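The structure appears below as structure tokens.
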Amino acid sequence: MKTRCVAALAILLSFSVCCAQTLPPNIQEAVVLYQPLDMFPVDLNAAVYLNQNNGSQGSLVKVDPHTLELTCIEVSSKPLHLQLVVPVVGSITKGDTLLILLEARTLEHDAAYESGRLHLNMERRETWTKSLGYSSAISDESQLLAIPFIAREDIAPSQGQVTIPIGYYPQKIQIQHLRLLNFGTQIQVDQLSTKQYEYEGYQADAPWRTLANERIETHRKAPLNITVLDANQNPIPEANVHVQMTKHAFPFGTAVNEWRMIGQAEKDIIYREKFESLFNRATNETSLKWTSWVQPSRQEMAMQTLDWLNDRDIPVRGHTLVWPSWNKSPAFIKDLQDDPQGLRAAIESHIREIMTACQGKVVEWDVVNEVHNNRDLLDVLGDEQMDEWFRLAREIEPQLPLFINDFGILQGSAGYELAKQESYYQLVKGMLDRGVPLDGIGFQSHFRLYAVTPPTRVWEILDRYAALGLKLGITEYDFAWVSEAFQAQYLKDYMTACFAHPSVNQFVMWGFWDGSHWREDGGMFALDWREKPSLDVYMDLVFNQWWTDENKVTDAQGHIQTRGFLGEYKLTVTANGNTVIQTLSLPKDGSSLQIVMP
Ligand code: 9MR
């Protein structure tokens, strides 16, 4: 206990005496009260080193016992090819609340960017499994960062490490007073956060929010004009008009688990009820993939799921015709690796079969999925074989939008996976140049572990692809392995940034319930259906802030003029004791309607 007290005091001293900055009060209190254990070696400077791979070049200068300077001179394809490694010597147990403290600033940076960039990971050696992946721009003024997170696994003494990848672009950054503290299970991670998790633009008054609202007003709403007349075609002033939206035109969707969609257990019924109350678009999570499609029972499940959704007027995006690796294709496909002609024919026949079976039941298709990381089929057939898959899909379904889909473009190194972004861009551009019928670009958006892409960076990335003139789809959003508060905070900002971008044509999540999610805590409902803060955020955006419900009174000419979110409407007009109810669609170019009262 004595050692712990001394450690707690030492932490406070190092931040209150040696540094210009003091810890936020909640963290100061927690340090004194819980006396967290220091996880780094006592002589940190002696233990840290710089790891350089794949042609990246940089340097590490140990300026004094508390100060490190890191320089990136030459960039390779991934930021982590140049990183500072800090060994973790303490013991960590799954579920422990951990806190990284440091002061950081940019000393120099590439002129193409506004500042330097700091990224921090906490991981297990050898497995590289991570409990933290944090990323932020850092200014040239020293900034105190306090980053709380949860240990996702046990890490034995000396089995862990904190890494600071800096190979984004040429830059020089300074790190001071780096600490990793372990609070054990005495405190919840959200108690250590300064209420809001920080990234560029997280603040309530950040300028991008005003711009986002303006863009949403311009791109997601349209004029709605109503004239109320009496039976003699005379305007009725002071008629009450209730303008009620009933459905969004914009697709807010989710992947659905087919077992839950057809099951009869109580949880299946709850799952479907929640789904229906929240979403107007869906995609089968697995059953339209080739590996599932070849299994008759799974194929039947796929079709039942499509029927259930179509019966309720919920459009489905088809995912995915080809996922070009051996292990994402049926086993017999690998047998064709030395028979390109046979392989080509098998793929074409699959495309024909599944698209024909789903005709009238899906509204768009991912033609290919994740072609950067799944290349087996392309290695045999050549990249341009993809062109043929799109052409065939177009031939079978001339009306349906055809998408390419991938991960790590909007998400991934907090929006700075520059090499992959470039490659995806060139791939799409190449196809368009060759006249391939490609209509949309899918951005999966599987975020995790605190490293999020700031809203303005989301816009920069989307702008670049939007210039190609295609629809941009957010196809698989989730945010896992973080505190629930951060999950909610970022959902709000990411959804807002995406909804505000005029080229984005859908926002589809990859699951909504922890009981049926590829990442155990990625849903908006916990396992026991407890509503997480992210559900409140979603409801508030989709059914409140971006929803139109207004009571208006007609003017002397019998008019009301308003603007509403694009979608379906119910209008209830009351005048002179009579009530008329009408429905109306509000498309992008607006709607005008005359309502004649009896
Ligand atoms: O969530 C899906 C999981 O249940 C499946 O086992 C897996 C393999 O079919 O695919 C998962 O979904 C992936 C999607 O199809 C493509 N992008 C990444 C998704 C999560 O891994």
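Going by numbering that gives the first Met the number 0, the sequence shown runs without a break in its numbering and finishes at 597. All residues carry an ideal CB built from backbone N, CA and C; glycine is no exception. Treat the numbers as computed from the prediction; the structure is a model and nothing was measured.
- Message: On a Cα-Cα basis, can you pick out the residue from T495, N309 and P35 that is closest to R219?
- Response: Residue mapping note: residue 219 aligns to position 220 of the sequence shown, counting from 1. Of all alpha-carbon atoms in T495, N309 and P35, the one lying nearest the alpha-carbon of R219 is that of T495.
- Message: Please identify the residue among M523, V293 and L471 whose C-alpha is closest to the C-alpha of W480.
- Response: Taking the sequence shown and counting its residues from 1, one reaches residue 480 at position 481. Comparing Cα-Cα distances from W480 to each of M523, V293 and L471, the minimum goes to M523.
- Message: Here's a check: name, in chain order, each residue in its chain whose Cβ is nearer than 6 Å to the Cβ of F446, leaving out the five neighbours to either side.
- Response: Counted from its first residue, the sequence shown places residue 446 at position 447. The answer, listed in chain order, is Q410 and F478.
- Can you give, in chain order, each stretch of the alpha helix (DSSP H) that sits fully within the stretch 288 to 355 and has at least 4 residues? Along the stretch 288 to 355, the alpha helix (DSSP H) occurs as fully enclosed runs of 4 or more residues at 289 to 292, 295 to 310 and 330 to 333, listed in sequence order.
- From what residue to what residue does the alpha helix (DSSP H) around N25 run? For the purposes of this step, residue 25 is identified with residue 26 of the sequence shown, where counting begins at 1. Counting along the chain, the unbroken alpha helix (DSSP H) around N25 starts and ends at P24 to Y33.
- Message: Excluding the 5 residues flanking L223 on each side, which residues of the same chain have their C-beta closer than 6 Å to its C-beta?
- Response: Here residue 223 corresponds to residue number 224 of the sequence shown, with the count starting at 1. Cβ within range, chain order: T561, G563, L585 and S590.
- Query: Three-state secondary structure (DSSP) at F251?
  - Reply: Indexing the sequence shown from 1 puts residue 251 at position 252. Here DSSP, grouped into helix, strand and coil, assigns F251 to strand.
- The beta strand (DSSP E) enclosing I72, as first and last residue numbers: Your numbering for residue 72 matches position 73 in the sequence shown. Start and end: T66 to E73.
- Take S502 and list the residues in its own chain whose beta-carbon comes closer than 8 Å to its own, dropping the five residues that flank it on each side. Stepping through the sequence shown from its first residue, residue 502 is reached at position 503. Excluding residues within five positions, the ones whose Cβ falls inside 8 Å are L461, Y464, A465, L469, K470 and L471.
- Go ahead and label L342 buried or exposed: buried means 16 or more other beta carbons lie within 10 angstroms of its beta carbon, across all protein chains shown. Here residue 342 refers to the residue found at position 343 of the sequence shown. Here L342 is buried: its Cβ has 16 or more other Cβ atoms, across all protein chains shown, within 10 Å.
- Item | Neighbourhood of M0 by C-beta, 7 Å cutoff - its chain only, sequence neighbours within 5 removed | The residue labelled residue 0 in the question sits at position 1 within the sequence shown. Its pLDDT being 45, under 50, M0 is placed unreliably in this model, and the value from its coordinates should be taken loosely. There are no such residues.
- Cβ pair L97, V47 closer than 8 Å: Mapped onto the sequence shown, residue 97 falls at position 98. Mapped onto the sequence shown, residue 47 falls at position 48. No; because the gap between Cβ atoms is not below 8 Å, this pair is not in contact.
- Task: State the start and end residues of the unbroken beta strand (DSSP E) segment that holds N50.
- Result: For the purposes of this step, residue 50 is identified with residue 51 of the sequence shown, where counting begins at 1. Start and end: Y48 to Q51.
- Query: With distances taken from CA atoms, which of E459, E140, L526 and G514 is nearest A499?
  - Reply: Here residue 499 refers to the residue found at position 500 of the sequence shown. Considering only alpha carbons, the answer is E459.
- Whether L148 touches V188 by CB criterion (8 Å): Within the sequence shown, the letter at position 149 stands for residue 148. Within the sequence shown, the letter at position 189 stands for residue 188. A quick correction: the sequence has Phe, not Leu, at residue 148. Judged by their CB atoms, F148 and V188 are nearer to each other than the 8 Å cut-off.
- Message: Once the 5 residues before and after V16 are set aside, which same chain residues still bring their CB inside 8 Å of it?
- Response: Numbered from 1 along the sequence shown, position 17 holds the residue referred to as residue 16. Bear in mind that a pLDDT of 42 at V16, under 50, signals an unreliable position, so the number given afterwards is only what the model happens to contain. The answer is none, since no qualifying residue turns up.
- Message: So, with DSSP's three-state summary, where would you put S134?
- Response: The sequence position of residue 134 within the sequence shown is 135, counting from 1. The answer is strand: DSSP assigns S134 an E or B state.
- Task: Can you check DSSP and say which residues form a bridge with G115?
- Result: What you label residue 115 is simply residue 116 of the sequence shown in a count that begins at 1. Beta bridge pairing from DSSP links G115 with I137.
- Message: For the ligand MG, is there any heavy atom lying closer than 7 Å to the beta carbon of K288?
- Response: Only the ligand 9MR can be found as ligands here, which leaves the ligand MG out of the picture.
- Item | Own chain, CB closer than 8 Å to A221, minus 5 neighbours either side, in chain order | For the purposes of this step, residue 221 is taken as residue 222 along the sequence shown, with counting starting at 1. Counting only Cβ-Cβ distances below 8 Å, and skipping sequence neighbours, we find R562, G563, L565, L585, P586, K587, D588, G589 and S590.
- Taking three-plus beta-carbon pairs below 8 Å as touching, is the stretch 57 to 67 in contact with the stretch 111 to 120? Touching, no, given that fewer than three Cβ pairs across the two stretches are closer than 8 Å.
- What is the rounded straight-line gap between the Cα of A356 and the Cα of T474? Reading the sequence shown from its first residue, position 357 is the one you call residue 356. Reading the sequence shown from its first residue, position 475 is the one you call residue 474. The alpha-carbon atoms of A356 and T474 are separated by roughly 23 Å.
- Query: Does at least one heavy atom of the ligand 9MR sit under 7 Å from the Cβ of Q142?
  - Reply: The residue given as residue 142 occupies position 143 in the sequence shown. Q142: no, Cβ never under 7 Å from the ligand 9MR.
- Task: Under the assumption that L305 contacts M596 (Cβ atoms under 8 Å), give the Cβ distance between them as a whole number of angstroms.
- Result: Numbered from 1 along the sequence shown, position 306 holds the residue referred to as residue 305. Numbered from 1 along the sequence shown, position 597 holds the residue referred to as residue 596. Not really, about 43 Å apart at Cβ, beyond 8 Å.
- Query: First and last residue of the beta strand (DSSP E) that includes Q160?
  - Reply: Along the sequence shown, one-based indexing puts residue 160 at 161. If you look at Q160, you'll find it in the beta strand (DSSP E) that goes G159 to P164.
- Item | Same chain, Cβ closer than 7 Å to W307, neighbours up to 5 away in sequence not counted | To locate residue 307, count along the sequence shown from 1; it is residue 308. Within the same chain, M260 come within 7 Å of W307 by CB-CB distance, once the 5 residues on both sides are set aside.
- Task: Can you tell me which of the three DSSP states S90 falls into?
- Result: Within the sequence shown, numbered from 1, the residue matching residue 90 stands at position 91. Coil.
- Query: If you draw a straight line from the alpha carbon of P78 to that of E272, how long is it in whole angstroms?
  - Reply: As a first step, residue 78 must be located in the sequence shown, where it is residue number 79. As a first step, residue 272 must be located in the sequence shown, where it is residue number 273. P78 and E272: Cα-Cα distance of roughly 43 Å.
- Query: Just how far apart, CA to CA, sit N575 and A238?
  - Reply: Indexing the sequence shown from 1 puts residue 575 at position 576. Indexing the sequence shown from 1 puts residue 238 at position 239. Answer to the nearest angstrom: the Cα atoms are 8 Å apart.
- Measure the alpha-carbon distance for T582 versus L570 and round it to whole angstroms. Here residue 582 refers to the residue found at position 583 when the sequence shown is read from its first residue. Here residue 570 refers to the residue found at position 571 when the sequence shown is read from its first residue. Distance between the alpha carbons of T582 and L570: 6 Å.
- Taking the DSSP output, what are the residues bridged to S58? In the sequence shown, counting from the first residue as 1, residue 58 sits at position 59. Partner(s): T70.
- Range covered by the beta strand (DSSP E) that runs through N279: Residue 279 sits at position 280 when you count from the first residue of the sequence shown. Counting along the chain, N279 falls outside any beta strand (DSSP E), and DSSP gives it neither H nor E.
- Taking C-alpha atoms, which residue in H80, L100 and T105 lies nearest to L22? Looking up residue 22 in the sequence shown gives position 23. Shortest Cα-Cα distance from L22 to any of H80, L100 and T105 involves L100.
- Look at the alpha carbon of Q425 and the alpha carbon of M385, and state the distance between them as a whole number of angstroms. If you number the sequence shown from 1, residue 425 lands on position 426. If you number the sequence shown from 1, residue 385 lands on position 386. Between the alpha carbons of Q425 and M385 lies a distance of about 14 Å.
- Query: Under a Cβ-count criterion, where at least 16 other Cβ atoms within 10 Å of its own Cβ denotes burial, should T253 be classed as buried or exposed?
  - Reply: For this step, residue 253 is matched to residue 254 along the sequence shown. Around the Cβ of T253, a 10 Å sphere holds 16 or more other Cβ atoms; the residue is buried.
- Message: Our contact map puts S134 next to A413 with C-beta atoms below 8 Å; I'd like the distance itself, whole angstroms only.
- Response: If you number the sequence shown from 1, residue 134 lands on position 135. If you number the sequence shown from 1, residue 413 lands on position 414. Contact between S134 and A413 holds: their C-beta atoms lie close to 3 Å from each other, under 8 Å.
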